[in-house]
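Report on the structure given below.
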Amino acid sequence: MSGGGWLGRLLGLGHRTRDENERELRFHLDERIDRLVGEGWTRADAERDVHRRFGDFDAALAECERIERRRVRQGRVVGMFDETVRSARTTARMMRRTPGYAATVILTLALGIGATVAMFSVLHGALLRPLPWADADRLVRVNNRFEASGGSGPFSIPNYLDVRAATTSLTGLAGYSVRSVTLTDDGPADRARALGVTANFLQVLGVEPARGRDFDPDADRQGSERTLVITHGAWQSRFAGDPEIVGREVRIDGVPHQVIGLLPESFWFVGDPQFLVPFAWDEGALSDDNRGSRSLPTIGRLAPGFTPETAAEELTGITDGIGERFPSNQEGWVATAVPLKEAVLGGAAGSVWLLMGAVGVVLLVACVNAANLMLVRGEQRTRETAVRAALGAGRGTLTIQHLAESVALAVVAGALGVALAEILTRILLGLWGGDLPRASTIGLNPLVLTAAVGLVLATGLLVGLVPTLRLDVHRIHDVLRGGGRGSAERGSRLQRMLVVGEVALAVLLVSGAALLVQSFRNVTSVEMGIDPDGAMTFMVQLPDSWTSAPERQRFFEEAVAGIQRLPAVASVGISERTPLQGGYNITTLPSPDDPEIEASFVEVRRVTPGFFDAAGIDLIRGRLFEDTERGGAGVVVISQRLAETIFPDGEWLGKRILPEWNEVGWEVVGVVESVPEFGPERDLRPAVYWPFGENDPPATMTFVVRTGDDDPLAVASEVRGVVAGLEAAAPVFAMRTFNDVLLETLGDRVFATTLFVAFGALALLLAVVGVFSVLAHMVEQRTREIGIRLALGASAAGVQRMVARETAALAGIGLVVGGCVALLSSSVLEGLLFGITATDPRIIATVVLVSALGAATASWLPARRAMRVDPMVAMREE
Amino acid sequence: MTRVPSGSIYGTLNLLILQALADGPLHGLGVAEWIERRSGDALDIKEGALYPALHRLRNAGFVDDVWDEAPSGRPARIYSLTEAGRAELRGEIARWKSHAGVVSRLLGLTDAAEALGG
Chain A
1 MSGGGWLGRL LGLGHRTRDE NERELRFHLD ERIDRLVGEG WTRADAERDV HRRFGDFDAA
61 LAECERIERR RVRQGRVVGM FDETVRSART TARMMRRTPG YAATVILTLA LGIGATVAMF
121 SVLHGALLRP LPWADADRLV RVNNRFEASG GSGPFSIPNY LDVRAATTSL TGLAGYSVRS
181 VTLTDDGPAD RARALGVTAN FLQVLGVEPA RGRDFDPDAD RQGSERTLVI THGAWQSRFA
241 GDPEIVGREV RIDGVPHQVI GLLPESFWFV GDPQFLVPFA WDEGALSDDN RGSRSLPTIG
301 RLAPGFTPET AAEELTGITD GIGERFPSNQ EGWVATAVPL KEAVLGGAAG SVWLLMGAVG
361 VVLLVACVNA ANLMLVRGEQ RTRETAVRAA LGAGRGTLTI QHLAESVALA VVAGALGVAL
421 AEILTRILLG LWGGDLPRAS TIGLNPLVLT AAVGLVLATG LLVGLVPTLR LDVHRIHDVL
481 RGGGRGSAER GSRLQRMLVV GEVALAVLLV SGAALLVQSF RNVTSVEMGI DPDGAMTFMV
541 QLPDSWTSAP ERQRFFEEAV AGIQRLPAVA SVGISERTPL QGGYNITTLP SPDDPEIEAS
601 FVEVRRVTPG FFDAAGIDLI RGRLFEDTER GGAGVVVISQ RLAETIFPDG EWLGKRILPE
661 WNEVGWEVVG VVESVPEFGP ERDLRPAVYW PFGENDPPAT MTFVVRTGDD DPLAVASEVR
721 GVVAGLEAAA PVFAMRTFND VLLETLGDRV FATTLFVAFG ALALLLAVVG VFSVLAHMVE
781 QRTREIGIRL ALGASAAGVQ RMVARETAAL AGIGLVVGGC VALLSSSVLE GLLFGITATD
841 PRIIATVVLV SALGAATASW LPARRAMRVD PMVAMREE
Chain B
1001 MTRVPSGSIY GTLNLLILQA LADGPLHGLG VAEWIERRSG DALDIKEGAL YPALHRLRNA
1061 GFVDDVWDEA PSGRPARIYS LTEAGRAELR GEIARWKSHA GVVSRLLGLT DAAEALGG
């Protein structure tokens, strides 16, 4: 086999065939001579006779060579193909012969591939796909930061217009605001997601309508023609792809709007809007009085030569200028600019990448498991492999054979996996609690499928390569002579290493899952100031025809009274928003005691007296509102966090809070528990509660209803009946339990925790199968040894100890290795850990316990089997 | 017992090999022994000639080969009949019978089997 080169050997050319042919002919001679010698011939006589019968050895060999070469010439390319087809046939035969083995490998890989492809389609759909805006890299989200508190807020409308007029670092600055609207067309009223925009919004994004035109420059002022642009999705779903859509009239919140443009299918923006509707700013919105109302999120396009940092500096210069004209307006604020991509995708990125990593570990475990099964099977074929190798089949050829088999298995598993991924992707998207960007357009697409094919091939190669590690052509003779024991030892050593690795990976995921579950429990047991059990919430929006504020107030009062009369309802109240959904209306309140102290980002809520009981917000000191107290009573209830901030001495009773914009102020009559308005992971917020009707009530209010039942939504239809009885045209929407509101604030934590637990469980299951297969294999191989031991009087317990020792070694080393890796890598989970560290003894105890249970499960059957070995049968076998 | 020179049966060697393999897979030596046994040494075939014939049959797709271990422990190349080989054998036997029948009649022989040497 000298000098053939690995490529030549791989392709079945060159010296290999000559070697084989010579061996074949030589076999004939040797075999015959041996037999004659066995019959008593002298070796010389035997050789002479055999050679005479055979004829010209060299001529025969040369003739065979010639035939061989012709075949190679004919089939050089076809031969590769033939080899592949033959491997595929072998694999198909193997799958029929050993369905259990093939099914296990395929199922294992299909689970790993399916989960990975599903996760990747989410990753790709949400994060990796380019954003559908022209030169998306030059777009920035422009905002303002209040340096003292780190809080942030957008521009007010007048400030936005001033900045837009003055800036040179941006070629365009556009405002937007996500809003929910009532859509009336021919059919019944329907809720829709709209994006209020400035007239230049699409221009700044660099998006042109696929049909129709962009907005007029003055489209965002009151008095201009009411127009809107519709997205491709809404055009399809709500207007059935009406070819005459441009020019059609649609009523948004009762106001007729003309559709002037249709957006391209690729369009997407924050909030996944269905319509873009220009603002209708009136004089009040544009006036200097409105400078304090920070309500307009903005995006800008960087001018050439500017970075987000230098643009932010320039913008801060402009806002400082505004501050000089309007003292107190800008004091302490700086402008910020971050790449829009980061601002839009950043929130979800951490979790998605983390879960992608986790699912990658699951796939790795699946690969290790499949490789392991192939190893065990390879053992059974050791002799076949050795014989082929002895005959000159190079390592390359044998490797190709192994790989062909594993790739064939992976392809079948991949097909199953992709089908599985289609289902899993939908489940994943359903589970996602937070704002997953572009969720509506995520799915299996050509790129994801291409990636899946690559993944399948890589998986097949990885799985197939591991068993070839122990192909050692130099040891073939040992195998042939010694019945393959040496190789088997090496094999099971490699197998043990694989299983230890597998256990370690599973431990890594299980400890991650344990940390996230404990964090989740910590988060949900945080003192939230509210009682999420047994309560529900919904919103009601009055049609625009209700223009009179007193009538709106009466409507809501009557609705509350009507719901309160329902037998199942314990308490009911209204507010602008539910607790845990803060940031809707905030203000700054100075301390009446100390002019140096003020509380910023104070949540403002106007509530009916029943609100506190319905939400489960307890009174700490003083009193709540009387039933008769309404706006104008001159009283407020404040949260404990606000009381601590503006009344540092703790003396609050009877004091007044006096905001800049009101000279009389309000008397503080009670202090209630604080609520973490942005979810339990965030700070408790200062809040001030006015009696309902303190200002004109808006058209949309949020109801909170407590029934005390396990299923507070049971009263849903009765509640709807009460509202419909008062105003049939007022939609009741966003109805859900308080617990669902809580889960929404937990966003992707729910998602990450659920998936981590699922991935951890899957990895654990695979690891248990892995440990099981090694133990079962060990017991099988050592049946004779066990038999001898039992025959010599070893007890069944002793045999059990042997299995237990092996189990403990595998699981123990895996546990230690996995545990160390988990501790070292726990920082990737940092953002999701809450009130716990990776070294928490409870977590370590949990992981050890779970691992021990897994190991016990894996060793149960093999141990029983070992105990039942019949010494007589075992010893006769050899 | 007349010895037939092997040259004249060269064309029939393929037929003999296929027939030998019809009962089951054999290595080259096995094929040689089969012919030897059936012909009672009447055919003086140089055994070396079997191998090029076997390899040609393999190229034609009539036989398949695998490597396995002989009872002595030596690795041996084992040949087996493919489906195509089986069909070829049936066809060849039919052709041989009609050919042998015609020749026998022409020679005025009644025992065609004798011409076959067994």
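So the sequence lines, in the order shown, correspond to chains A and B. Following the working numbering, the numbering of the first sequence begins with 1 at its first residue and continues without gaps. Following the working numbering, the numbering of the second sequence begins with 1001 at its first residue and continues without gaps. We put the beta carbon where it would ideally sit given N, CA and C, even for glycine. Every value quoted in this text rests on a predicted model; they were computed, and no experiment measured them.
Residue i: buried (16+ other C-beta within 10 angstroms of its C-beta) or exposed?
{"i": "residue 527 of chain A", "result": "exposed"}
{"i": "residue 1071 of chain B", "result": "exposed"}
{"i": "residue 369 of chain A", "result": "buried"}
{"i": "residue 648 of chain A", "result": "exposed"}
{"i": "residue 167 of chain A", "result": "buried"}
{"i": "residue 719 of chain A", "result": "buried"}
{"i": "residue 820 of chain A", "result": "exposed"}
{"i": "residue 662 of chain A", "result": "exposed"}
{"i": "residue 493 of chain A", "result": "exposed"}
State yes or no: is the beta carbon of residue i nearer than 8 Å to at least one beta carbon in chain B?
{"i": "residue 47 of chain A", "result": "no"}
{"i": "residue 67 of chain A", "result": "yes"}
{"i": "residue 820 of chain A", "result": "no"}
{"i": "residue 419 of chain A", "result": "no"}
{"i": "residue 502 of chain A", "result": "no"}
{"i": "residue 39 of chain A", "result": "no"}
Is there at least one Cβ from chain A nearer than 8 Å to residue i's Cβ?
{"i": "residue 1108 of chain B", "result": "no"}
{"i": "residue 1101 of chain B", "result": "no"}
{"i": "residue 1025 of chain B", "result": "no"}
{"i": "residue 1048 of chain B", "result": "yes"}
{"i": "residue 1028 of chain B", "result": "yes"}
{"i": "residue 1022 of chain B", "result": "no"}
{"i": "residue 1072 of chain B", "result": "yes"}
{"i": "residue 1076 of chain B", "result": "yes"}
{"i": "residue 1051 of chain B", "result": "yes"}
{"i": "residue 1059 of chain B", "result": "yes"}
{"i": "residue 1038 of chain B", "result": "no"}
{"i": "residue 1095 of chain B", "result": "no"}
{"i": "residue 1056 of chain B", "result": "yes"}
Whose C-beta lies closer than 7 Å to the C-beta of residue i among residues of the same chain, with five residues either side of it excluded?
{"i": "residue 665 of chain A", "result": "656, 657, 658"}
{"i": "residue 111 of chain A", "result": "366, 762"}
{"i": "residue 520 of chain A", "result": "749, 753"}
Does the distance from the CB of residue i to the CB of residue j come in under 8 Å?
{"i": "residue 555 of chain A", "j": "residue 566 of chain A", "result": "no"}
{"i": "residue 529 of chain A", "j": "residue 572 of chain A", "result": "no"}
{"i": "residue 590 of chain A", "j": "residue 635 of chain A", "result": "no"}
{"i": "residue 642 of chain A", "j": "residue 602 of chain A", "result": "yes"}
{"i": "residue 738 of chain A", "j": "residue 535 of chain A", "result": "yes"}
{"i": "residue 302 of chain A", "j": "residue 152 of chain A", "result": "no"}
{"i": "residue 575 of chain A", "j": "residue 623 of chain A", "result": "no"}
{"i": "residue 886 of chain A", "j": "residue 192 of chain A", "result": "Outside the displayed span of chain A (1 to 878) sits residue 886 of chain A, for which this structure offers no information."}
{"i": "residue 523 of chain A", "j": "residue 697 of chain A", "result": "no"}
{"i": "residue 1018 of chain B", "j": "residue 1081 of chain B", "result": "yes"}
Once you ignore the five residues that flank residue i on each side, which residues in its own chain have a CB closer than 8 Å to its CB?
{"i": "residue 309 of chain A", "result": "337"}
By Cβ distance, which residues of its chain are closer than 6 Å to residue i, with the 5 residues on each side in sequence left out?
{"i": "residue 304 of chain A", "result": "none"}
{"i": "residue 799 of chain A", "result": "786, 866, 867"}
{"i": "residue 621 of chain A", "result": "671"}
{"i": "residue 37 of chain A", "result": "43, 46"}
{"i": "residue 77 of chain A", "result": "The predicted model places residue 77 of chain A with a pLDDT of 48, which falls under 50 and marks its position as unreliable; any figure quoted below should be read in that light. If we look at residue 77 of chain A and ignore the five residues flanking it on each side, it has no Cβ neighbours."}
The region 768 to 782 of chain A / the region 442 to 458 of chain A touching (three or more Cβ pairs under 8 Å): Flag = no, the region 768 to 782 of chain A and the region 442 to 458 of chain A do not touch.
How do the region 712 to 725 of chain A and the region 574 to 586 of chain A stand: do at least 3 beta-carbon pairs fall below 8 Å, yes or no? Contact fails: fewer than three Cβ-Cβ distances are below 8 Å.
Check whether the region 671 to 686 of chain A touches the region 702 to 715 of chain A, counting contact only when three or more Cβ pairs, one atom from each stretch, lie closer than 8 Å. With a cut-off of 8 Å on Cβ pairs, the region 671 to 686 of chain A is not in contact with the region 702 to 715 of chain A, counting fewer than three such pairs.
Given 8 Å, three or more beta-carbon pairs between the region 290 to 298 of chain A and the region 226 to 244 of chain A: Here the region 290 to 298 of chain A makes no contact with the region 226 to 244 of chain A; the two share fewer than three CB pairs at distances below 8 Å.
Counting Cβ pairs closer than 8 Å, one from the region 546 to 554 of chain A and one from the region 1010 to 1025 of chain B, do we hit at least three? With a cut-off of 8 Å, the region 1010 to 1025 of chain B and the region 546 to 554 of chain A do not count as touching, because too few Cβ pairs lie within range.
Is the region 279 to 289 of chain A in contact with the region 204 to 211 of chain A, if contact means three or more CB pairs nearer than 8 Å? These segments do not touch.
Does the region 102 to 121 of chain A come within contact of the region 283 to 290 of chain A, defined as at least 3 CB pairs closer than 8 Å? Touching, no.
Whether or not the region 1047 to 1054 of chain B and the region 1028 to 1038 of chain B are in contact is what I'm after, with contact meaning three or more pairs of Cβ atoms, one per stretch, closer than 8 Å; do they touch? Yes: the two stretches touch, three or more of their Cβ pairs being nearer than 8 Å.
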